[in-house]
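Below is one structure, written out as structure tokens; comments come after it.
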Amino acid sequence: MFRYLVFVWNDADAAARAQAQTVLEGPEQPIGTWRTVSRGAGFEVRCVGEWSSGNAARHLAGGRGVVMGVLFKPDGAGISRPAPSAFDDLESRSIAASDGRRLLERYWGRYVAVLFEPGSGRVCVLRDPSAGLPCYTMRLGALEVYCASVTDVLPMCGRRLKTDWAYVAACLSLVREHSRRTGLEGVSQLVGGECARHHGGALLRVCQWDPLEIGAAAPIEEPEAAEMLRRCTEDVVRAWGSCYPSVLVSLSGGLDSSIILTALAGGLAPRVECFHYYPPHTDLDERRFAYLAAKSVGLGLIERIRPLGVDLRPLHTLIPSAEPTNYLFYLEHSRREAMLAAERGAAALFIGYGGDQLFYQERAEWAPAELLRRRGLSPKVLRALLDAARVDDLSVWRVLGVTVREVLGAERWSPLREGGRERPLLAPETLRQALDAAACLHPLAHRHAEASSAKRWHAHQVLAPFDAYDPFAAPGDADRIAPLVAQPLIEVCLRIAPAIHTAGGWGRALARRAFHDALPAPIRNRRDKGGIEAHARMTVERNRPLLRELLIEGELVRAGLLRRAPLERALGGGAEIKTQSGELLEYASMEAWLQCWRRQGSS
């Protein structure tokens, strides 16, 4: 697994310089395969887990820093290829002098860059807009440390880390965006496209990439929208495919994974195979859709059976992390798919994560107002009203009311407006803490007051990064890649009006139209996939004793964030469980994360 450590200090300060030397040479430092890849007056960068065709350290000339991770550069024809292993002098000067803005404008990928200006002594740390690599930061005396995993910094920390309970409340109440805040006090993170500038002992954090600004600039209209969406999707998927000699594609039977397979198979792809895991229950069997997708590109389908429900026992074996993640996803997929990849000799697993968010799957109710404000009253607004009602399964009158309130300025969407909705197990105090925790919103949340609800929602959706680090991974596992979560595709999708994304009353309508000739009709015309709630309910049934043990006397109840009595009733079975299974599993993930840190001696 690729990881890094970045140490930054004020080199003009003798005390800071001495502390840096002590920390960098101290016995707590990671040793062995870690490699120092860049250093200068006031910074040092170390990496582990590099490999030539993917994660690497690309050096800027003249000691101006390093770009760590995976980096692509579009050529003159707009085809993205892996960037050179090093930058020439002119490009290096431009990248460092712009605090990385040139990287954002001319490159894309999954990276963290450390940039150094020798003349001024300025050091910048930049996280790419897709936020593909974690970038946590914490203060160690006079040093600022950036890392992919807090476990690499814990030996140097010298103090117990405390839980940020406001962050926990925000997560439970569904009012947290991708933000600087983490689950630990004193540990923050750079958001996608954010730059941390260190100069003369001062630190300034600036968002160099603004999704709402991008969404407002140079809108892409029909008929170019479908063509640009397809061309960009194919480019980013094929660019990721070029990093690997062999790829396994997870075919869920849905639209997004089928688009990825189509894009890979239509280019100079690596060796590609596709697979599908199905449950032993006919109501949840999606094999026929996965088979159609594979057949459409001339491939067979690897089929494997999966148990009903997920075994949650590995939640007791978590390693410390700055934030909880979607443990249920990894419990279901991690080891099973890693073993399949090893069996087939695949270097990477491609999944369809991100398509729902990018291609605008839901919440079309705001699209008519956005169109009305942008284009004025026209027959297109009426069509958008009808389309939105169909996408969201609402009455036209309901959508019209939303549109009127938005146009009059009486309503703008924010996650704070929906906090705690349909969360009956939460204590009232939980929502209050969450709403008070404005720092759990994205740092750009208060900018662009004029932005429409539709654009705010879309930006909120695409800013949720895919966690590149599998919490249950083993050495040698194939990489898990979500190729749709890529800066160029994010930017194209943001520039397309939500009314175009949902035209005709279909979620992800433009993506369906863009790949109309490449997708089998039964997949192209699917509105949703079945069995998600049923699968969650089976997982709860399978793990009821463990869930009771984990939650009833757990940290969330003890902190007063969950209501014990209704929680006991929910875990006791009966009809109530049918509407709370997904909610219970989210709480189990958070509880497991909290107990992991409790075992570390944190509070």
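Residue numbers for the sequence shown follow my numbering, so the first one is -10 and each next one is one higher. The beta carbon of each residue, even a glycine, is placed where N, CA and C say it ideally should be.
Cβ contact (3+ pairs, closer than 8 Å) linking the stretch 172 to 183 and the stretch 121 to 133:
yes
Quick one: give me the first and last residue of the beta strand (DSSP E) that Q178 is part of.
V176 to Q178
Close beta carbons around A603, own chain, < 6 Å, minus the five adjacent residues each side
Look at the range of the chain in this structure, -10 to 592, and you will see that residue 603 is not part of it.
In angstroms with no decimal places, state the Cα-to-Cα distance between A72 and H48.
11 Å
Check each candidate in R552, A335, T491 and R302 and name the one with the smallest Cα separation from R372.
T491
Among residues of its own chain, excluding the 5 on either side of P63, which ones have a beta-carbon nearer than 7 Å to its beta-carbon?
S69
Using a Cβ-Cβ cut-off of 8 Å (strictly less than) and excluding sequence neighbours within five positions of V396, which residues of its own chain qualify?
A358, L361 and R362
Work out the CA separation of V103 and H187 for me, nearest whole Å.
11 Å
Are L132 and F(-4) closer than 7 Å when you measure CB to CB?
yes
Quick check: the Cα distance between E551 and P200, rounded to an integer number of angstroms?
It should be noted that the sequence gives Leu, not Glu, for residue 551. Spanning the two alpha carbons is a distance of roughly 35 Å.
Comparing C-alpha positions only, which one of L(-6), G121, G110 and T11 sits nearest to V139?
L(-6)
Of all the options A356, D274 and H505, which has the alpha carbon lying nearest to the alpha carbon of R394?
A356
What are the start and end residues of each continuous alpha helix (DSSP H) run of 4 or more residues lying completely inside the stretch 167 to 254, in chain order?
200 to 205, 213 to 230 and 244 to 254
Would you kindly report the start and end of the unbroken alpha helix (DSSP H) that includes D345?
G344 to L347
Starting from the C-beta of R276, find all residues in its chain whose C-beta is less than 7 Å away, skip the five residues before and the five after it, and write them out in chain order.
H265, Y267 and E292
Whole angstroms are fine: how far does the CA of G89 sit from the CA of G108?
16 Å
Since S570 contacts A525 with CB under 8 Å, what's their CB separation in whole angstroms?
4 Å
So within the stretch 344 to 419, which uninterrupted alpha helix (DSSP H) runs reach at least 4 residues, ignoring any that extend past its ends?
344 to 347, 356 to 364, 368 to 381 and 385 to 396
Between which two residues does the alpha helix (DSSP H) carrying D78 extend?
D78 to A86
With H431 and E202 assumed to form a contact (beta carbons below 8 Å), what rounded beta-carbon distance in angstroms separates them?
Actually they are not in contact, since the Cβ atoms of H431 and E202 sit about 13 Å apart, beyond 8 Å.
Have a look at P472, L556, D376 and A523 and flag the residue whose alpha-carbon is nearest the alpha-carbon of R537.
L556
What beta strand (DSSP E) runs, 3 residues minimum, are completely inside the stretch 119 to 168?
125 to 129 and 132 to 136
Helix, strand or coil: which one does DSSP assign to P534?
helix
For L(-6), the three-state DSSP class (helix, strand or coil):
strand
Classify D506 as helix, strand or coil using the three-state DSSP reduction.
coil
Does DSSP classify L560 as helix, strand or coil?
helix
Taking Cβ to Cβ, would you say L573 is nearer than 7 Å to V529?
yes
What is the DSSP secondary structure of A337, reduced to helix, strand or coil?
strand
Report yes or no: do the stretch 319 to 337 and the stretch 206 to 219 share at least 3 C-beta pairs separated by less than 8 Å?
no
Helix, strand or coil: which one does DSSP assign to E33?
strand
Tell me, please, which residues DSSP counts as bridged to G43.
According to DSSP, G43 bridges with nothing at all.
Helix or strand or just coil, what does DSSP make of A66?
coil
Identify the continuous beta strand (DSSP E) that holds D98 and give its terminal residues.
Reading the sequence as shown, one finds Gly at residue 98 and not Asp. Start and end: W97 to E106.
Could you compute how far the alpha carbon of S441 sits from the alpha carbon of D2?
47 Å
Quick one: is Q450 buried, meaning 16 or more other Cβ sit within 10 Å of its Cβ, or exposed?
buried
Taking C-alpha atoms, which residue in G549, S83 and F455 lies nearest to G181?
F455
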